[in-house]
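K.L.:
Just so you know, the sequence shown maps onto residues -14 to 336 in this note's numbering.
In this text, a Cβ means the ideal position worked out from N, Cα and C, and glycines have one as well.
Sharing a structure, written as structure tokens. Questions coming.
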Amino acid sequence: MNRRWELPPTLKWENDRLLLIDQTRLPEELVFIECTTPEAVAESIKNMKVRGAPAIGVAAAFGVYLAVKDFRGEKGALSEALDRAATILRDTRPTAHNLFWAINRMMEKARETIKEGVEKVKEALFAEAKKMWEEDVEVNKAIGRNGSQFIKDGANVLTICNAGSLATVWYGTALGIVRSAIEEGKRLRVYACETRPRLQGTLTLFELLKDKIPATLITDFMAGYLMSKGKIDVVITGADRITRNGDVANKIGTYTLAVLAKAHGIPFIIAAPLSTIDMNIARGEDIPIEERDWEEVLFIKGKRIFPEEVEVINPAFDITPANYIGAIVTEKGVCFPPFEESLPLLFSHRR
Ligand code: MRU
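This is the structure:
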């Protein structure tokens, strides 16, 4: 079935600048903001104007390019400008592996080309960032095709956070699987957790409604009730970092859903590109978990809803141990447990 998906790409290069959908202004208004410096890109990542592991990776890649775009000077100063930009961009959000993967890939490209001169580095970095943008769309579509087998006709799919078009360049990972299943003619409904405290569920609802995909909003703790009533057939989420053994860092609340899914015999599926997999880390407990501002918990839409003296914690992500995960869907295929055997195979067939 041919379906037209309505959302524009989350980020794009236009008129010599990076344009990002400002996700802090959704769902009220869909507006793009301009970034012309690595600092502006870093600020947008930190404040979650652009968010979702693949999207922040590609945004950071353009951020690295912006450090050299108008550079005039010697190779040594160029390297310094690049190092400075990489540090600023790395220092934004610690959990999503795609951010570090993208910056490292850009820095590697700069190292490879610097002997050919400053202009060559600029050219190569622009080409590399554009390539990452294009690849991300293709990768998401492949994840969709590989993962649609987990959605049966008529299925109810539960998800958390936003692992959709808005979390990537376009199409999405978890929601890419949903889109792919619909393109195959399957009927389905997505149950979207609101995802306190940042309410990324509003983003998921925004994109599902825009694309006329049947969707139901639930508060985070309704998930167990729905599962106990037989209302959920499969849970599909994205990932921010996957370790060698298949442990997964994803939005806070994901672990709760995985435990509940196991208790109810419901498949729990992770959708993520290879750029989310960190083969340098053995176990989930070694993943740095971002702790965000308390105000995100204390305030809703600018209004304080808890007393001032209250103590808060605000971890943005949690770790789902591999033994709760039924499959990890990537662009190169589906990995099943034991993941310490299946994940390395994805990399051994790479160029
Ligand atoms: O804090 P966020 O909104 O950046 O968190 C995003 C998620 O947890 C997503 O599930 C993950 O990045 C995968 S997005 C395809």
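How big is the Cα-Cα spacing for Val122 and Pro23?
P.N.:
The sequence position of residue 122 within the sequence shown is 137, counting from 1. The sequence position of residue 23 within the sequence shown is 38, counting from 1. Each residue's alpha carbon lies about 23 Å from the other.
K.L.:
Among Arg2, Val220 and Phe56, which has the Cα closest to the Cα of Lys247?
P.N.:
Here residue 247 refers to the residue found at position 262 of the sequence shown. Comparing Cα positions, the closest option is Val220.
K.L.:
For the region 236 to 317, list the alpha helix (DSSP H) runs that are entirely contained and at least 4 residues long, ordered along the chain.
P.N.:
For the region 236 to 317, whole alpha helix (DSSP H) runs of length 4 or above, ordered along the chain, are 239 to 248 and 280 to 283.
K.L.:
At a cut-off of 6 Å, would you count Arg36 as near the ligand MRU, judging by its Cβ distance to the nearest heavy atom?
P.N.:
Counting from 1 along the sequence shown, the entry for residue 36 is found at position 51. Checking the Cβ of Arg36 against the ligand MRU gives yes.
K.L.:
Apply the 10 Å Cβ neighbour rule to Ile227 and answer buried if 16 or more other Cβ atoms are within range, or exposed otherwise.
P.N.:
As a working mapping, residue 227 is identified with position 242 in the sequence shown. Ile227 comes out buried.
K.L.:
Can you give the Cα-Cα distance for Lys351 and Tyr156, rounded to whole angstroms?
P.N.:
This structure leaves residue 351 out entirely; the chain is present only between -14 and 336.
K.L.:
Examine the ligand MRU and report whether any of its heavy atoms sits within less than 6 Å of the Cβ of Cys178.
P.N.:
By 1-based counting over the sequence shown, the position of residue 178 is 193. Because no heavy atom of the ligand MRU lies under 6 Å away, the Cβ of Cys178 does not count as near it: no.
K.L.:
According to DSSP, is Trp(-10) helix, strand or coil?
P.N.:
Along the sequence shown, one-based indexing puts residue -10 at 5. Trp(-10): coil per DSSP, three-state reduction.
K.L.:
Starting from Ala40, trace the alpha helix (DSSP H) both ways and give me its first and last residue.
P.N.:
The sequence position of residue 40 within the sequence shown is 55, counting from 1. Looking at the DSSP string, the run of the alpha helix (DSSP H) that includes Ala40 is Ala38 to Val53.
K.L.:
Is it buried or exposed, Met117, if we count other Cβ atoms within 10 angstroms and call 16 or more buried?
P.N.:
Position 132 of the sequence shown, counted from the first residue, corresponds to residue 117. It is buried - the Cβ of Met117 has at least 16 other Cβ atoms within 10 Å.
K.L.:
Would you report the Cα separation of Gly161 and Met33, rounded to the nearest angstrom?
P.N.:
Taking the first residue of the sequence shown as position 1, residue 161 is located at position 176. Taking the first residue of the sequence shown as position 1, residue 33 is located at position 48. If you take the alpha carbons of Gly161 and Met33, they lie about 21 Å apart.
K.L.:
Below 8 Å, can you find three or more Cβ-Cβ pairs linking the region 161 to 177 to the region 190 to 204?
P.N.:
The answer is yes - the region 190 to 204 touches the region 161 to 177, with three or more Cβ pairs under 8 Å.
K.L.:
Looking at Ala45 and Ala87, is the spacing between their C-beta atoms short of 7 Å?
P.N.:
As a working note, residue 87 is residue 102 in the sequence shown. As a working note, residue 45 is residue 60 in the sequence shown. Cβ atoms of Ala87 and Ala45: closer than 7 Å.
K.L.:
Is Ala148 near the ligand MRU, with its Cβ less than 6 Å from a heavy atom?
P.N.:
Position 163 of the sequence shown, counted from the start, is the residue given in the question as residue 148. True, at least one ligand heavy atom lies under 6 Å from that Cβ.
K.L.:
DSSP three-state call for Ile6: helix, strand or coil?
P.N.:
Translated into the one-based positions of the sequence shown, residue 6 becomes position 21. Three-state DSSP puts Ile6 in a strand.
K.L.:
Report yes if the C-beta of Asp225 is less than 6 Å from at least one heavy atom of the ligand MRU; otherwise report no.
P.N.:
Along the sequence shown, one-based indexing puts residue 225 at 240. Asp225: yes, Cβ under 6 Å from the ligand MRU.
K.L.:
Can you tell me whether Arg336 is buried or exposed? The criterion is at least 16 other CB atoms within 10 Å of its CB, across all chains shown.
P.N.:
Within the sequence shown, residue 336 is the residue found at index 351, counting from 1. With a pLDDT of only 40 at Arg336, under the threshold of 50, the placement of this residue in the model should not be trusted; the figure read from the coordinates follows. With fewer than 16 other Cβ atoms within 10 Å, it is exposed.
K.L.:
Check whether the Cβ of Gln8 lies closer than 6 Å to any heavy atom of the ligand MRU, and answer yes or no.
P.N.:
Reading the sequence shown from its first residue, position 23 is the one you call residue 8. No, the beta carbon of Gln8 sits no closer than 6 Å to any heavy atom of the ligand MRU.
K.L.:
Would you identify the three-state DSSP class for Lys171, choosing helix, strand or coil?
P.N.:
On the sequence shown, position 186 is the one that residue 171 refers to. Coil at Lys171, not helix or strand.
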